[in-house]
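Structure, as structure tokens:
There are 2 protein chains.
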Amino acid sequence: MLKLKTKITELFNIEYPIIQAGMVWVSGWKLASAVSNCGGLGLIGAGSMKPELLREHIQKCKNATNKPFGVNIPIQRGDAEKLVEVTVEENIKIVFTSAGSPKRFINVLKENGVTVVHVVPSVKFGLKAEEAGCDAVVGEGFEAGGHNGLDEITTIALIPQLVDKLNIPVIAAGGIADGRGIVAALSLGAEGVQIGTRFAATVESSAHPVYKQKVVEAEDNSTVLTLKKIGPVRLIKNDFAYRALKAEMNGWDEEKLKELLGKKREMQGIFEGDEKEGELEAGQSSGLIHEILPVKDLFQKLLDEIVEVQKRNNRIINY
Amino acid sequence: MLKLKTKITELFNIEYPIIQAGMVWVSGWKLASAVSNCGGLGLIGAGSMKPELLREHIQKCKNATNKPFGVNIPIQRGDAEKLVEVTVEENIKIVFTSAGSPKRFINVLKENGVTVVHVVPSVKFGLKAEEAGCDAVVGEGFEAGGHNGLDEITTIALIPQLVDKLNIPVIAAGGIADGRGIVAALSLGAEGVQIGTRFAATVESSAHPVYKQKVVEAEDNSTVLTLKKIGPVRLIKNDFAYRALKAEMNGWDEEKLKELLGKKREMQGIFEGDEKEGELEAGQSSGLIHEILPVKDLFQKLLDEIVEVQKRNNRIINY
Chain A
101 MLKLKTKITE LFNIEYPIIQ AGMVWVSGWK LASAVSNCGG LGLIGAGSMK PELLREHIQK
161 CKNATNKPFG VNIPIQRGDA EKLVEVTVEE NIKIVFTSAG SPKRFINVLK ENGVTVVHVV
221 PSVKFGLKAE EAGCDAVVGE GFEAGGHNGL DEITTIALIP QLVDKLNIPV IAAGGIADGR
281 GIVAALSLGA EGVQIGTRFA ATVESSAHPV YKQKVVEAED NSTVLTLKKI GPVRLIKNDF
341 AYRALKAEMN GWDEEKLKEL LGKKREMQGI FEGDEKEGEL EAGQSSGLIH EILPVKDLFQ
401 KLLDEIVEVQ KRNNRIINY
Chain B
101 MLKLKTKITE LFNIEYPIIQ AGMVWVSGWK LASAVSNCGG LGLIGAGSMK PELLREHIQK
161 CKNATNKPFG VNIPIQRGDA EKLVEVTVEE NIKIVFTSAG SPKRFINVLK ENGVTVVHVV
221 PSVKFGLKAE EAGCDAVVGE GFEAGGHNGL DEITTIALIP QLVDKLNIPV IAAGGIADGR
281 GIVAALSLGA EGVQIGTRFA ATVESSAHPV YKQKVVEAED NSTVLTLKKI GPVRLIKNDF
341 AYRALKAEMN GWDEEKLKEL LGKKREMQGI FEGDEKEGEL EAGQSSGLIH EILPVKDLFQ
401 KLLDEIVEVQ KRNNRIINY
């Protein structure tokens, strides 16, 4: 049976260094507990939850798994402090932070014995996270779905540069949807992977069936990074995404772009399944996803693929 | 001693599936022969050569190595037909084509027993290359230096999708500068790699010392893909690149952008070393390049790194 031991499996006391990204409208207790039960690390995505709803998800997740799981908190959210409070009160020991400075909550989290991981799009932000006291970083490449960095650094370029410059372990994210991507990430020096879109298109994901179907139908060029002036986001191309792209090409300013975006388009796209006007946040790896599997089946498939890839590499590389 | 056997080493009858990209103003006979002498595949970049200069480089390359080498021909060039003619006359048996439809010269090349590889940025163009009769494709990701595709698909997302959809072998390019990138590419299913920027910054490269120095100084976020409306190109950020970016942000049309670009900026940047106003074409892997080595030393370093990475993977992945 496959064993995968890295600094990340040690850090979280998990079996496999495969982390399910905490995604808005996608990863509630069902998805997170399913991933943790397989030996990976499930994350509840607090970004689309009010504090009391987060508490409910944490409690349900505790009932559904005895294995470690965590919570992802986007720091820039207005009520992020409340989300952190709930997380600490509920005795959660693993928190992934994103979208904002990790300094803001690191003290309260570390005082409560929480392992803190921050998501970064570049070496500069990686160094800041390490300096702030984070235990690890997720290096997220340009190909990742949803919100993204301004520097457009891709996974294959970003990960080895983070590994060279940081002392804390690096988890790779962006473009990874199968065993090939996982072994590629390990080859780049990552100690683990964070997988988003692939888990968003599982049975246990709370995304709308229409969203999942759009991911399955997507090809290599079906997503685009847009709205760069007001916060880059990678979306499956639809009516809204094309309008945003066109506005960008025509040089619209921030104010006009914000008006175009409006509010709640993430919910509209991912949770309500509005395939035309919603934001269908997904990564370039969508083109690798052809079926909506239960987490258990997907996880076993990933493990089988890892073995297959490593065997092939050992056939090719004779040293 | 390391052995690396793939469909690409068989196709070209070379020892290692490491191909040096045929780059304008960079890869003449000196670089190409040095790479081929190490057991990789050197490519003469015809894109910046008049037909008779190409002939001279081919002849000098023949004198400098007994190993296989090839020529890269950008199909959209005005005198591409002449370049193809010279290549065939000089009995070159390996041609990489890029920037244009591979159909244009495939018949004359195949009739003369040439192995033809086309560079593609997406599955769509990969399928077209296969249909045209190409023997392999280079899948080039968004992170690659120089001219790039419109779909912005990155190496880690592109390569497995090409591998799944094509029957001919796939060579990975974009973001690869060391052994980690090479093993990552093999993990993704590639049969070989094409490396550009790393070879552009070797002793044998004909790029200007200032260009090489800019690559060495570059960090993870030092390059940018710009001029998307008139032909996307990845450059090290300098005065010209910032002007181009600003014009793009302000929604300039094609005509104005072409005027801004003008002519000969590639030569000005890469060959003449104008660090402010020239186009310094380079990939995101620049941030991984810290020294200007002779090809022989670099090649040995890559091979050593491949072994190191595969050993680490075998320590992590126990099946």
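As given, the protein sequences belong to chains A and B, one line each in that order. The letter at position 208 of the first sequence is residue 308 when you use this note's numbering, and the numbering goes up by one with no holes. The letter at position 188 of the second sequence is residue 288 when you use this note's numbering, and the numbering goes up by one with no holes. Don't be surprised by glycine CBs; every beta carbon is placed ideally from N, CA and C.
Sequence-distant residues of the same chain with beta carbon closer than 6 Å to residue i, five excluded per side
i	result
Phe205 of chain B	Val184
Val188 of chain B	Asn212
Lys203 of chain A	Ala232
Ala134 of chain B	Glu304 and Val395
Leu131 of chain A	Glu304 and Ser305
Lys107 of chain B	Pro269 and Glu291
Beta-carbon spacing of residue i, residue j below 7 Å
i	j	result
Val195 of chain B	Val220 of chain B	no
Ala229 of chain A	His247 of chain A	no
Val238 of chain B	Gln294 of chain B	yes
Leu67 of chain A	Thr297 of chain A	In this structure chain A extends from 101 to 419, so residue 67 of chain A is not present and cannot be described.
Gly245 of chain B	Ala382 of chain B	yes
Ile330 of chain B	Ile256 of chain A	no
Glu291 of chain A	Pro309 of chain A	no
Ile158 of chain B	Glu115 of chain B	no
Val171 of chain A	Ala199 of chain A	no
Gly351 of chain B	Asn350 of chain A	yes
Glu243 of chain B	Gln384 of chain B	yes
Euclidean distance between Cα positions of residue i and residue j
i	j	result
Glu181 of chain A	Glu304 of chain B	56 Å
Gly281 of chain B	Leu402 of chain A	21 Å
Lys337 of chain A	Ile417 of chain B	37 Å
Ile253 of chain A	Tyr419 of chain B	33 Å
Gly322 of chain B	Asp374 of chain B	One point to set straight first is that residue 322 of chain B is Ser, not Gly, in the sequence displayed. Looking at the two C-alpha atoms, the distance is approximately 17 Å.
Glu355 of chain A	Lys167 of chain B	60 Å
Lys160 of chain B	Ala307 of chain B	18 Å
Glu348 of chain A	Leu111 of chain A	42 Å
Glu317 of chain B	Ile370 of chain B	15 Å
Ile144 of chain A	Phe299 of chain B	44 Å
Glu485 of chain B	Gly279 of chain A	No statement about residue 485 of chain B is possible, as the shown extent of chain B runs from 101 to 419 and does not include it.
Glu156 of chain A	Asn137 of chain A	19 Å
Glu408 of chain A	Glu240 of chain B	25 Å
Leu286 of chain A	Val124 of chain A	27 Å
Gly122 of chain B	Ser127 of chain A	46 Å
Ile406 of chain A	Val283 of chain A	6 Å
Ile460 of chain A	Ser386 of chain A	The structure shown does not extend to residue 460 of chain A, since chain A is modelled only from 101 through 419, so no value can be given for it.
Ala164 of chain B	Gly139 of chain B	14 Å
Leu388 of chain A	Gln400 of chain A	17 Å
Leu141 of chain B	Ser148 of chain A	51 Å
Glu359 of chain A	Thr197 of chain A	27 Å
Pro174 of chain B	Lys364 of chain B	16 Å
Trp129 of chain B	Val186 of chain B	15 Å
Leu258 of chain A	Leu357 of chain A	29 Å
Ala272 of chain A	Gly362 of chain A	31 Å
Neighbour-count burial assignment, residue i, 16 or more Cβ in a 10 Å radius
i	result
Arg415 of chain A	exposed
Asp235 of chain A	buried
Met101 of chain A	exposed
Leu398 of chain B	buried
Asn413 of chain B	buried
Glu152 of chain B	exposed
Asp251 of chain B	buried
Asp404 of chain A	exposed
Lys314 of chain B	buried
Asp353 of chain A	exposed
Contacts around residue i, its chain only, beta-carbon distance under 7 Å, and the 5 residues preceding and following it disregarded
i	result
Val223 of chain B	Gln261, Leu262 and Lys265
Thr326 of chain A	Val333, Leu335, Ala341, Ala344, Leu345 and Glu348
Tyr311 of chain B	Gly369, Ile370, Gly373 and Leu380
Pro117 of chain B	Leu104, Thr106, Ile108, Thr109, Glu291, Gly292 and Val293
Proximal chain A residues relative to residue i, where beta-carbon distance stays under 7 Å
i	result
Gly246 of chain B	Ordered by position in chain A, no residue passes the 7 Å Cβ test against Gly246 of chain B, which lies about 15 Å from the chain.
Arg280 of chain B	Pro260, Ser287, Leu288 and Gly289
Under 9 Å by beta carbon: chain B residues contacting residue i
i	result
Met349 of chain A	Lys328, Lys329, Glu348 and Gly351
Arg343 of chain A	The contacting residues do not exist; Arg343 of chain A stays about 15 Å from chain B at best.
Under 7 Å from the C-beta of residue i: neighbouring residues of chain B
i	result
Lys103 of chain A	Asn418
Ala284 of chain A	Ile256, Ala284, Ser287 and Leu288
Where residue i meets chain A, residues with beta-carbon distance less than 8 Å
i	result
Ile253 of chain B	Glu243, Asp320, Asn321 and Gln384
Asn413 of chain B	Val283, Leu286, Ser287, Gln410 and Asn413
Ile108 of chain B	What Ile108 of chain B touches in chain A: nothing, since even the nearest Cβ is about 10 Å away.
8 Å Cβ shell around residue i - same chain, five flanking residues per side excluded
i	result
Gln368 of chain B	Asp374, Glu377, Gly378 and Glu379
Lys210 of chain B	Val216 and Gly233
Heavy atom of the ligand NAP within 6 Å of residue i beta-carbon
i	result
Ser198 of chain A	This structure lacks the ligand NAP, and indeed carries no ligand of any kind.
Residues that residue i contacts on chain A, provided the C-beta gap is smaller than 9 Å
i	result
Val223 of chain B	Glu319, Asp320, Asn321 and Gly387
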